[in-house]
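Take a look at the structure set out below.
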DNA sequence: TTCGCTTTTTGACTTTTATCAAAGAGCCTG
DNA sequence: CAGGCTCTTTGATAAAAGTCAAAAAGCGAA
């Protein structure tokens, strides 16, 4: 979905605002396996995924990769430590499919919120949703077994298994690839 | 710290706004082990902890208690699913020490944000901070060992060990009480 | 279709953590 | 300070998950 369409579903946008948005939104098409942001880099843009899939991950000192989460179409994504605090990113953002993004700069984003308080509502709404998801994630990691977490994911986002390799899913679940493979074979 | 003092440290408050706040803020003193919110209940107040410590936890079907997190003085706390979405809470909020709280109702909170856009800044700031903490928590649970998580907690919040029983800390770390005890004895 | 590469599975073994049970320590109260 | 709590530790054992290595399966390109 195009970002303007998405915004219109959540907010009543005047023709002027739409025009203003069109001026500041940059649209781009990225190939599969393209690294958008890597640790140490600054990221001053907020992206909206029109189509595609982005993996957010980091590497431990020993070189092991861990998937923090997947971002799919119709969602916003950015290197949040960097976008919000101006710090360098600690994570990678990498496409796992051909991906179409729309993005706006940090400055334009701030301006937009200032000029049109309407956007603040959506901003807060999105943060609430992100926090809800994070809380569920924490409790899942804290007290569910690997098998339970696997089954939740299968329930809530079955399509992810068609789109992402099991190695990436395993690290997202916080388990090794072999363990995930064994969980799957036990059914 | 009193909530007004806290707010003044973050925002320039006019005398009128302070007066307005004083009208809507309710201050209360709770004993140790008081349950503020329990699962199924609605919570329409936002609390600020002036003094004390609150544990947020839930119970699995099997009856096992898991600590989602601890909330300490100079922080806001509420049953977020309930305060934000109007759903019944899924968690307990329970004091682990004598606790002094200031709180405002959901309606007053909304009014305040609407009337004084200044507060929206703090609102967003607090949410950013919460999200930062949650992200760190997720990555810790995902790829650190129990020992590493224990050591991080010891680094970042050493005082918690003086204030909270090891059983609660163990469940916060996502491990059994016995495992925590063994980690501690190995040093 | 075949070669080469990546992903997934399987097996053997080790490490980590949970569980159950009981002992020990600490602490409040009468 | 004695008795009865709760909290913490310790021990033995079981379950869960990790690691390493190799085989199997899948897939894309020549």
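Chains as they are written, first to last, in this note's numbering: chain A, 1 to 187; chain B, 1001 to 1187.
Just so you know, even glycine gets a beta-carbon here, dropped at the ideal spot from N, CA and C.
Beta-carbon proximity of residue i to residue j, cut-off 7 Å
| i | j | result |
| --- | --- | --- |
| residue 1093 of chain B | residue 1138 of chain B | no |
| residue 1066 of chain B | residue 76 of chain A | no |
| residue 37 of chain A | residue 43 of chain A | yes |
| residue 1023 of chain B | residue 1097 of chain B | no |
| residue 131 of chain A | residue 74 of chain A | no |
| residue 109 of chain A | residue 46 of chain A | yes |
| residue 41 of chain A | residue 105 of chain A | no |
| residue 148 of chain A | residue 91 of chain A | no |
| residue 5 of chain A | residue 52 of chain A | no |
| residue 177 of chain A | residue 170 of chain A | yes |
| residue 1119 of chain B | residue 1112 of chain B | yes |
| residue 1030 of chain B | residue 1095 of chain B | yes |
Backbone secondary structure at residue i - three-state DSSP
| i | result |
| --- | --- |
| residue 1171 of chain B | helix |
| residue 1164 of chain B | coil |
| residue 91 of chain A | coil |
| residue 1103 of chain B | strand |
| residue 149 of chain A | helix |
| residue 1184 of chain B | helix |
| residue 1125 of chain B | helix |
| residue 24 of chain A | helix |
| residue 45 of chain A | strand |
| residue 65 of chain A | strand |
| residue 10 of chain A | helix |
| residue 73 of chain A | coil |
| residue 210 of chain A | This structure does not reach residue 210 of chain A, given that chain A is present from 1 up to 187, and the question cannot be answered. |
| residue 1096 of chain B | coil |
| residue 137 of chain A | helix |
| residue 59 of chain A | strand |
Closer than 7 Å at the beta carbon, the chain A residues around residue i
| i | result |
| --- | --- |
| residue 1038 of chain B | Ordered by position in chain A, no residue passes the 7 Å Cβ test against residue 1038 of chain B, which lies about 17 Å from the chain. |
| residue 1060 of chain B | 143 |
Supposed close pair residue i, residue j - CB separation, criterion 8 Å
| i | j | result |
| --- | --- | --- |
| residue 1173 of chain B | residue 1146 of chain B | 6 Å |
| residue 1020 of chain B | residue 1102 of chain B | Contact flag wrong, Cβ pair sits at about 14 Å. |
| residue 1003 of chain B | residue 1048 of chain B | 4 Å |
| residue 1166 of chain B | residue 141 of chain A | Wrong, their Cβ atoms sit about 21 Å apart, outside the cutoff. |
| residue 39 of chain A | residue 68 of chain A | Not confirmed; about 12 Å, so no contact. |
Listed by chain order, chain B residues near residue i by CB distance under 8 Å
| i | result |
| --- | --- |
| residue 141 of chain A | 1138, 1141, 1142 and 1174 |
Interface partners of residue i on chain B, CB under 7 Å
| i | result |
| --- | --- |
| residue 120 of chain A | 1120 |
Burial state of residue i, where buried means 16 or more other Cβ atoms lie within 10 Å
| i | result |
| --- | --- |
| residue 182 of chain A | exposed |
| residue 1085 of chain B | exposed |
| residue 7 of chain A | buried |
| residue 180 of chain A | buried |
| residue 107 of chain A | exposed |
| residue 1010 of chain B | exposed |
| residue 1079 of chain B | buried |
| residue 186 of chain A | exposed |
| residue 1026 of chain B | exposed |
| residue 18 of chain A | exposed |
| residue 1028 of chain B | exposed |
| residue 135 of chain A | buried |
| residue 1082 of chain B | buried |
Within chain A, the residues that residue i reaches when beta carbons sit closer than 9 Å
| i | result |
| --- | --- |
| residue 1169 of chain B | Those within 9 Å of residue 1169 of chain B in chain A number zero; the least Cβ separation is about 13 Å. |
| residue 1128 of chain B | 80, 84, 85 and 127 |
| residue 1068 of chain B | 135, 138, 139 and 142 |
| residue 1131 of chain B | 80, 84, 127, 130, 131 and 134 |
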